[in-house]
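Each remark here refers to the structure printed beneath this line.
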Amino acid sequence: MKHNPTSEFTSYDFAAFMQRINAAEAQPTVELFGQTLVKGTLEDTAREIVSRAARKQSTVVNFVNAHCVNTLSKDDEYRRALATSDRILPDGSGMSLAARMAGVKLGENLNGTDLFPHICEFAEYSGQAIFLLGGEHGVADGAAAWAARSFPQIDIAGTWHGYFDAEEENALIERINRSGASILFVGFGVPLQEKWIAENRHRIDIPVILGVGGLFDYYSGRIPRAPRMVRAIGCEWAWRLAMEPRRLAKRYIVGNGVFMAHAAQHALESGGLLDKASAMNKRAIDMTIALMALVALFPVFLAVALAIKIEDRGPVFFRQTRIGERGRNFSMIKFRSMYNDAEARRAALLAHSERDGTCFKMKEDPRITRVGRFIRRTSIDELPQLINVLTGEMSLVGPRPALPSEVATYVGQSWRRLGGKPGITCIWQVSGRAEIPFKRQVAMDCAYLRQRGFLTDLSLLLRTVPAVASGRGAY
Numbered sequence: 032m033k034h035n036p037t038s039e040f041t042s043y044d045f046a047a048f049m050q051r052i053n054a055a056e057a058q059p060t061v062e063l064f065g066q067t068l069v070k071g072t073l074e075d076t077a078r079e080i081v082s083r084a085a086r087k088q089s090t091v092v093n094f095v096n097a098h099c100v101n102t103l104s105k106d107d108e109y110r111r112a113l114a115t116s117d118r119i120l121p122d123g124s125g126m127s128l129a130a131r132m133a134g135v136k137l138g139e140n141l142n143g144t145d146l147f148p149h150i151c152e153f154a155e156y157s158g159q160a161i162f163l164l165g166g167e168h169g170v171a172d173g174a175a176a177w178a179a180r181s182f183p184q185i186d187i188a189g190t191w192h193g194y195f196d197a198e199e200e201n202a203l204i205e206r207i208n209r210s211g212a213s214i215l216f217v218g219f220g221v222p223l224q225e226k227w228i229a230e231n232r233h234r235i236d237i238p239v240i241l242g243v244g245g246l247f248d249y250y251s252g253r254i255p256r257a258p259r260m261v262r263a264i265g266c267e268w269a270w271r272l273a274m275e276p277r278r279l280a281k282r283y284i285v286g287n288g289v290f291m292a293h294a295a296q297h298a299l300e301s302g303g304l305l306d307k308a309s310a311m312n313k314r315a316i317d318m319t320i321a322l323m324a325l326v327a328l329f330p331v332f333l334a335v336a337l338a339i340k341i342e343d344r345g346p347v348f349f350r351q352t353r354i355g356e357r358g359r360n361f362s363m364i365k366f367r368s369m370y371n372d373a374e375a376r377r378a379a380l381l382a383h384s385e386r387d388g389t390c391f392k393m394k395e396d397p398r399i400t401r402v403g404r405f406i407r408r409t410s411i412d413e414l415p416q417l418i419n420v421l422t423g424e425m426s427l428v429g430p431r432p433a434l435p436s437e438v439a440t441y442v443g444q445s446w447r448r449l450g451g452k453p454g455i456t457c458i459w460q461v462s463g464r465a466e467i468p469f470k471r472q473v474a475m476d477c478a479y480l481r482q483r484g485f486l487t488d489l490s491l492l493l494r495t496v497p498a499v500a501s502g503r504g505a506y
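Just so we're aligned: the sequence shown equals residues 32 to 506 in the working numbering.
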């Protein structure tokens, strides 16, 4: 893991640097989930932390991410421990999403893994020693070795693993107090580290204590961190799940859904969801749910792909040009449910369409394969469109994307369907699907575009589940 030093250190003299450290001010804060969160940059937050250490100002710093919010809802002891924090930092894309839903503006993602090298850098130049406590045997040593390589002048006062019993605790705290450190990193994981810090704060002489979770695992090299591109789009959680599926499956697959429910409830209570819903919120929610669904449904994808291949050895996916928002073409992805020559046979079947004029649909379409009939009836064939949602071509909820040949026949208000991003589900999809006449579909899509919003989308998503289960209009 590499770190690019802060530019100010390339030409800063020590006296001027220390003047800035001593003058560092507390970052502004915002309220979210009943917690007072720091709103700032990684660099300014690190400077404030090291400044507090240099001034010997007693400070406990903890982080809150989606998992922490879920834990807060069911662990009173953790809630009390977190309440003793002097600074709480927002960690992860989930917190950013929840903030946008509530109409709150956060600063940078102040996660401990990104913050650690900045703190080390400021600590090196200001002479503040650090102590690393936590992780399996040797993990804290590995993280300390990384810090020593990256910051040759840093003072590492000591390290210790996180597997000690009550009898060893007194000796360990004495060891920490004698180390001369002014910054203590505690990596036991949530909520154990917060509880331990709250219980022992009065016994620890080190000014600044941070609860940093699994930070040491990354810097020791025990667990590889997500590539920068994955982190940039807020999907580091998916990478972590892939690295440790057994340990993290419940936390992310189930936990992310629980967190979204907490975020929606908080946003409704704060008024932000109703008053400040925007395209940005919709896009963030689309990406989060689509990613969660793709991870959770991966076994289904594999099973369907295998079934399609076994039946006729043709391609698994079917790509078709559709018309999206403002008339833009895009390639919509579905599981292939028809024989390879389906498009060539379409013209011969037009006279048998069971839907009026514009759209072609047959209940007993001879082009559909045996596997295709099942995945159509259960709407499994639509699942690959989650990829279209991730790329921004589609949304979870919106008018269904039309074929170019269908758009060519549009008249009157039909064109208004192109006024929004097409969706995987929509109001007529949950009201009868193919049984709804085309003109009625248009009217329903236009009505959705006039009243779209988070609550409308949430209602349609919830109604989609029983609609799919009933199979009504699916052929």
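Cβ coordinates follow ideal geometry from the N, Cα and C atoms, glycine included. What you are looking at is a predicted structure, and each value in this text was computed from that prediction instead of being measured.
Whole angstroms are fine: how far does the CA of Gly189 sit from the CA of Arg180? Each residue's alpha carbon lies about 16 Å from the other.
Among Ser436, Ala202, Ala263, Pro430, which one has its Cα closest to the Cα of Gly454? The candidate whose alpha carbon is nearest that of Gly454 is Pro430.
Per-residue DSSP class, three states only, for Ser42: Confidence at Ser42 is low in this model, with a pLDDT of 44, below 50, so its placement is unreliable and no value can be given for it.
Using only CA atoms, which one of Ala439, Asp117, Arg357 lies nearest to Arg447? The candidate whose alpha carbon is nearest that of Arg447 is Arg357.
Could you tell me which of Arg86, Ser116, Asn93 sits nearest to Asn142, measuring between CA atoms? In terms of CA proximity to Asn142, Asn93 leads the group Arg86, Ser116, Asn93.
Give me the Cβ distance between Ala341 and Met369, rounded to the nearest whole Å; I'm assuming they're in contact under 8 Å. It is Ile, not Ala, that sits at residue 341 in the sequence shown. With a contact defined as Cβ atoms closer than 8 Å, Ile341 and Met369 miss out at about 16 Å.
Endpoints, the beta strand (DSSP E) within which Ile89 is located: Sequence inspection shows Ser at residue 89; the Ile mentioned does not correspond to that position. First-last for Ser89: undefined, no H or E at that position.
Can you tell me the Cβ-Cβ gap for Leu325 and Leu215, rounded? I've got them flagged as a contact below 8 Å. Separation of the CB atoms of Leu325 and Leu215 is rounded to 39 Å, and the pair is thereby denied contact status at 8 Å.
Which whole runs of the beta strand (DSSP E) in the segment 452–497 are 3 residues long or more, in chain order? For the segment 452–497, whole beta strand (DSSP E) runs of length 3 or above, ordered along the chain, are 454–456.
Nearest to Arg350 (by Cα), restricted to the options Val239, Val95, Ile364, Ala130: Closest option to Arg350, Cα to Cα, is Ile364.
Return yes when the Cβ of Ala97 is within less than 7 Å of the Cβ of Phe290, no when it is not. With respect to the 7 Å criterion, Phe290 and Ala97 are classified as neighbours on the basis of their beta carbons.
Rounded to a whole number of angstroms, what is the C-alpha to C-alpha distance between Phe485 and Glu62? Phe485 and Glu62 have their C-alpha atoms some 22 Å from each other.
Is the separation between the beta-carbon of Pro432 and that of Arg314 shorter than 7 Å? No, they are not a contact pair.
Take Cys457 and list the residues in its own chain whose beta-carbon comes closer than 8 Å to its own, dropping the five residues that flank it on each side. Excluding sequence neighbours, Cys457 sits near Val428, Gly429, Pro430, Arg431, Met475, Asp476, Tyr479, Leu491.
Let me make sure I understand the geometry here. Which of Pro121, Gly125, Ser104 has the alpha-carbon closest to that of Gly138? Ranking Pro121, Gly125, Ser104 by Cα distance to Gly138 puts Pro121 first.
Is the separation between the beta-carbon of Leu246 and that of Gly218 shorter than 7 Å? Gly218 sits close to Leu246, with the two beta carbons spaced by under 7 Å.
Hey, would you say Gln159 sits closer than 7 Å to Ser213, going by beta carbons? It is a contact, given that the beta carbons lie within the stated cut-off.
Give the straight-line distance between the Cα atoms of Leu449 and Gln460, rounded to the nearest whole angstrom. It is roughly 17 Å from the alpha-carbon of Leu449 to the alpha-carbon of Gln460.
Quick one: using the 10 Å Cβ neighbour count with 16 as the cut-off for buried, is Val285 buried or exposed? Under a 10 Å Cβ-count criterion, Val285 is classified as exposed, with fewer than 16 other Cβ atoms of the shown protein chains found around its own Cβ.
Can you tell me which of the three DSSP states Ala500 falls into? Of the three classes helix, strand and coil, the one that applies to Ala500 here is helix, per DSSP.
Find the nearest neighbour of His233 within the set Ala298, Thr115, Pro148, judged by alpha-carbon distance. The shortest CA-to-CA distance from His233 to any of Ala298, Thr115, Pro148 is the one to Thr115.
Alpha carbon of Ala84 to alpha carbon of Lys136, nearest angstrom: Distance between the alpha carbons of Ala84 and Lys136: 28 Å.
Figure out for me which residue from Ile406, Asn360, Thr409 has the closest Cα to the Cα of Ser436. For the residues Ile406, Asn360, Thr409, the minimum Cα distance to Ser436 belongs to Asn360.
Span separating the alpha-carbon of Pro346 from that of Arg278: In a straight line, the C-alpha of Pro346 is about 35 Å away from that of Arg278.
is_contact[Asn360, chain D] using C-beta, thresh 7 Å: Absent from the structure: chain D. Only one protein chain is present.
Looking at the secondary structure, which residues open and close the alpha helix (DSSP H) in which Pro276 lies? Note, Pro276: alpha helix (DSSP H), 276–280.
Excluding sequence positions up to five away, which residues of its chain have a Cβ less than 7 Å from the Cβ of Ile80? For Ile80, where only same-chain residues beyond five positions count, the Cβ hits under 7 Å are Val92, Ile150, Val239.
Per-residue burial, Asp196 [other beta carbons within 10 Å of its own, 16 or more giving buried]: Asp196 counts as exposed, since fewer than 16 other C-beta atoms from the protein chains shown sit within 10 angstroms of its C-beta.
Gln351 - DSSP class collapsed to helix/strand/coil: Reduced to three states, the DSSP call for Gln351 is strand.
Please name the residue, chosen from Asn371, His168, Arg367, that lies closest to Val402 on a Cα-to-Cα basis. Taking only the C-alpha atoms, the option nearest Val402 is Arg367.
Return the CA-CA distance between Ala133 and Pro330, expressed in angstroms with no decimal places. Approximately 34 Å, taken between the alpha carbons.
What does the Cβ neighbour count give for Ala294, buried or exposed, with the cut at 16 atoms within 10 Å? With 16 or more other Cβ atoms within 10 Å, it is buried.
Neighbour-count burial assignment, Asp107, 16 or more Cβ in a 10 Å radius: So Asp107 counts as exposed.
Measuring straight from C-alpha to C-alpha, what distance separates Asn371 and Ala336? The alpha-carbon atoms of Asn371 and Ala336 are separated by roughly 15 Å.
Short of 8 Å in beta carbon distance, which residues of its chain neighbour Phe348, apart from the five on each side in sequence? Order them along the chain. By the criterion of a C-beta distance shorter than 8 Å, Phe348 is surrounded in its chain by Ile364, Lys365, Phe366, Arg367, Pro415, once the five residues flanking it on both sides are discounted.
Cβ-based burial, Ala77 [other Cβ within 10 Å; buried from 16]: With 16 or more other Cβ atoms within 10 Å, it is buried.
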